[in-house]
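As structure tokens, the structure follows; a few thoughts come after it.
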């Protein structure tokens, strides 16, 4: 098959990016309509703190643009989640013409698995991590201070936690893909587990900047489990790589 000119590839890439941005913008508009409902959902960790704290923590607006900017941040995050399937399709439509048949069969499960893993990470952060981390952080000084929290800063931090955990949960999927392409082995992951533990604890400490052992363990233990799952998925990827190599040789 004749290779398409570089400018044709760039035009195709521009078109795919444009459609992805349009989808994100449209879904952001949809999410903006429900910004109050999304705001209430994101306030849940703070509500959990207020249910048990002696001093109530209140969200405050510190400037006249903060309500709009915060609403847009929330809508943009929700719009990205809604538009993600279409964005993934655009990525697939761009790269699929240049793939071999066995690589096309690999791409679809990878894209679906990446989306699923991200969603699981966000759900874990929302239902498991944040309900414990936010009350601990706000109550760190006990009743000595009254928490008065900027609305924009609170929402930015909550959305950052959700996004980071979604990305971290991609670890098994990425391990499988790299092993499937012959770039990673389960043996390498297994031999370097001590280094991985140190790195994962460091990552957990960055995600939860507290001295509380419970909150640190709340993140560290799932990361250790994800690393163990990554070893297993890498092993599956190795088998797939071996089968593909044998088929190509045969």
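Residue numbers (the numbering used here): -1 to 248.
Every residue gets a Cβ at the ideal spot worked out from N, C-alpha and C, and that includes glycine.
Environment of residue i [buried if 16+ CB atoms lie within 10 Å]
{"i": "residue 245", "result": "exposed"}
{"i": "residue 72", "result": "buried"}
{"i": "residue 3", "result": "exposed"}
{"i": "residue 125", "result": "exposed"}
{"i": "residue 5", "result": "exposed"}
{"i": "residue 0", "result": "Confidence at residue 0 is low in this model, with a pLDDT of 45, below 50, so its placement is unreliable and no value can be given for it."}
{"i": "residue 178", "result": "buried"}
{"i": "residue 88", "result": "buried"}
{"i": "residue 168", "result": "buried"}
{"i": "residue 164", "result": "buried"}
{"i": "residue 9", "result": "exposed"}
{"i": "residue 253", "result": "It is not possible to answer for residue 253, since the shown part of the chain is limited to -1 through 248."}
{"i": "residue 75", "result": "buried"}
{"i": "residue 184", "result": "buried"}
{"i": "residue 29", "result": "buried"}
{"i": "residue 95", "result": "exposed"}
{"i": "residue 16", "result": "exposed"}
{"i": "residue 186", "result": "exposed"}
{"i": "residue 115", "result": "buried"}
{"i": "residue 23", "result": "exposed"}
{"i": "residue 197", "result": "exposed"}
{"i": "residue 40", "result": "buried"}
{"i": "residue 21", "result": "buried"}
{"i": "residue 213", "result": "buried"}
{"i": "residue 247", "result": "exposed"}
{"i": "residue 243", "result": "exposed"}
{"i": "residue 224", "result": "buried"}
{"i": "residue 12", "result": "exposed"}
Given residue i as reference, the closest of the options once Cα atoms are compared
{"i": "residue 36", "options": "58, 175, 77 and 167", "result": "77"}
{"i": "residue 49", "options": "196, 129 and 233", "result": "129"}
{"i": "residue 27", "options": "7, 47, 69 and 109", "result": "69"}
{"i": "residue 175", "options": "235, 199, 190 and 221", "result": "235"}
{"i": "residue 195", "options": "13, 219 and 154", "result": "219"}
{"i": "residue 131", "options": "222, 140, 7 and 217", "result": "217"}
{"i": "residue 222", "options": "182, 233 and 166", "result": "166"}
{"i": "residue 44", "options": "148, 199 and 243", "result": "148"}
{"i": "residue 181", "options": "239, 30 and 144", "result": "239"}
{"i": "residue 157", "options": "189, 192 and 121", "result": "121"}
{"i": "residue 160", "options": "108, 184 and 127", "result": "127"}
{"i": "residue 188", "options": "233, 96 and 204", "result": "233"}
{"i": "residue 83", "options": "95, 60 and 108", "result": "108"}
{"i": "residue 33", "options": "140, 123, 12 and 65", "result": "65"}
{"i": "residue 134", "options": "102, 47 and 152", "result": "47"}
Anticipated Cβ contact below 8 Å, residue i with residue j, distance rounded
{"i": "residue 85", "j": "residue 18", "result": "5 Å"}
{"i": "residue 118", "j": "residue 170", "result": "No, residue 118 and residue 170 are not in contact; Cβ-Cβ is about 10 Å, not under 8 Å."}
{"i": "residue 292", "j": "residue 51", "result": "Lying outside -1 to 248, the shown extent of the chain, residue 292 is not represented and no answer is given."}
{"i": "residue 93", "j": "residue 79", "result": "Residue 93 to residue 79, Cβ: 22 Å. No contact."}
{"i": "residue 154", "j": "residue 231", "result": "32 Å between Cβ atoms; not a contact."}
{"i": "residue 25", "j": "residue 81", "result": "4 Å"}
{"i": "residue 229", "j": "residue 144", "result": "With 8 Å as the limit, residue 229 and residue 144 do not qualify as a contact, their Cβ atoms being about 47 Å apart."}
{"i": "residue 190", "j": "residue 56", "result": "Residue 190 to residue 56, Cβ: 47 Å. No contact."}
{"i": "residue 91", "j": "residue 14", "result": "6 Å"}
Inset, instruction - Output the residue ranges of the beta strand (DSSP E) runs that lie fully inside the region 140 to 180 and measure 3 residues or longer, sorted by chain position. - result: 146 to 148
Legend entry - 4 or more residues per run - each alpha helix (DSSP H) lying fully within the region 8 to 70: 33 to 40 and 42 to 50
Legend entry - Entirely enclosed alpha helix (DSSP H) segments - the region 70 to 99, minimum 4 residues: none
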